[in-house]
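> Below are the structure tokens for one structure; questions will follow.
Chains as they are written, first to last, in this note's numbering: chain A, 6 to 120; chain B, 256 to 371.
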């Protein structure tokens, strides 16, 4: 069964450093998402991406964040200058059609630790 | 604005007992509702979803949920708990008609423990 994959599984970085989290969505999916889950808190929507552009973003997704689909398979989340409060589990998701009615499939997550 | 409330951050049941995980939502338009399960060190897996068809939705692993508009609820149940059901369960809502691209709004999650 096709699945969403994410690398790395755990990333440790120093405050102020740039990090790139990578995701490979399911191959025939068109909609891509990033969510994050701070330890002990709820899963929060960050951004959705369709047709090579951001279609929606939350207030969390400020200028420090960016997303890109550099080729036909990868979907990346970049944090330019990490802060301590960026420490969280980051989940990538994808769906074939417009989600809501269509299922979003989630990857296993990348645990980001900012020191 | 959409929101989801899950009552009880931690539920403990005995093996073979009924599982009931509560979820209430608020939405300005007819919602799509979801239950996801997260096993330790794994991603979120869809258990079931409500998309305005039948109000009683059956999912994987023997779980089901009933959409009750009058109560704005979407509680998850399973008649008989199994040890392998121990995990964290998330209820989520999505509003495609509201102009959103269908991003999911999650509840805080309920951790289910199953005692032998």
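Heads up, the beta-carbon is just placed ideally off N, CA and C, and yes, glycines get one too.
#1: Pull out every residue of the stretch 107 to 119 of chain A whose Cβ sits closer than 7 Å to any Cβ of chain B, in chain order.
#2: Just tell me which of 276/B, 317/B, 313/B, 302/B has its CA closest to the CA of residue 267/B.
#3: Residue 341/B and residue 368/B look like a contact to me (Cβ under 8 Å); what is the Cβ gap, rounded to whole Å?
#4: What does the Cβ neighbour count give for residue 313/B, buried or exposed, with the cut at 16 atoms within 10 Å?
#5: What runs of the beta strand (DSSP E), each 3 residues or longer, lie entirely inside the stretch 329 to 361 of chain B?
#6: Bridge partners of residue 94/A, per DSSP?
#7: Closer than 8 Å, Cβ to Cβ, to anything on chain B: give me those residues from the stretch 20 to 52 of chain A, in chain order.
#8: Check the Cβ-Cβ distances between residue 257/B and every residue of chain A, and say whether any is below 8 Å.
#9: With distances taken from CA atoms, which of 82/A, 11/A, 101/A, 86/A is nearest residue 296/B?
#10: Verify whether the separation of the beta carbon atoms of residue 26/A and residue 95/A is less than 8 Å.
#11: Can you give the beta carbon distance from residue 31/A to residue 9/A, rounded, assuming they're within the 8 Å contact cut?
#12: Is there contact here, the stretch 326 to 342 of chain B with the stretch 82 to 89 of chain A, by at least three beta-carbon pairs under 8 Å?
Per the coordinate set shown:
#1: 108, 109, 111, 112, 113, 114
#2: Here residue 267/B refers to the residue found at position 12 when the second chain is read from its first residue. If we check each option's Cα against that of residue 267/B, 276/B comes out closest.
#3: Along the second chain, one-based indexing puts residue 341/B at 86. Along the second chain, one-based indexing puts residue 368/B at 113. That belief holds up - the Cβ atoms of residue 341/B and residue 368/B are roughly 6 Å apart, short of 8 Å.
#4: One-based indexing of the second chain puts residue 313/B at position 58. Residue 313/B should be labelled exposed.
#5: 342 to 349
#6: Mapped onto the first chain, residue 94/A falls at position 89. Beta-bridge pairing links residue 94/A to 42/A, 116/A.
#7: 36, 38, 40, 46, 47, 48, 49, 50
#8: Taking the first residue of the second chain as 1, we reach residue 257/B at position 2. It does not: the Cβ of residue 257/B has no partner Cβ on chain A nearer than 8 Å.
#9: For the purposes of this step, residue 296/B is taken as the residue at position 41 of the second chain. It is 11/A.
#10: Indexing the first chain from 1 puts residue 26/A at position 21. Indexing the first chain from 1 puts residue 95/A at position 90. Yes, these two residues count as a Cβ contact at 8 Å.
#11: As a position in the first chain, residue 31/A is number 26, starting the count at 1. As a position in the first chain, residue 9/A is number 4, starting the count at 1. Rounded, the Cβ-Cβ distance is 6 Å, consistent with contact.
#12: no
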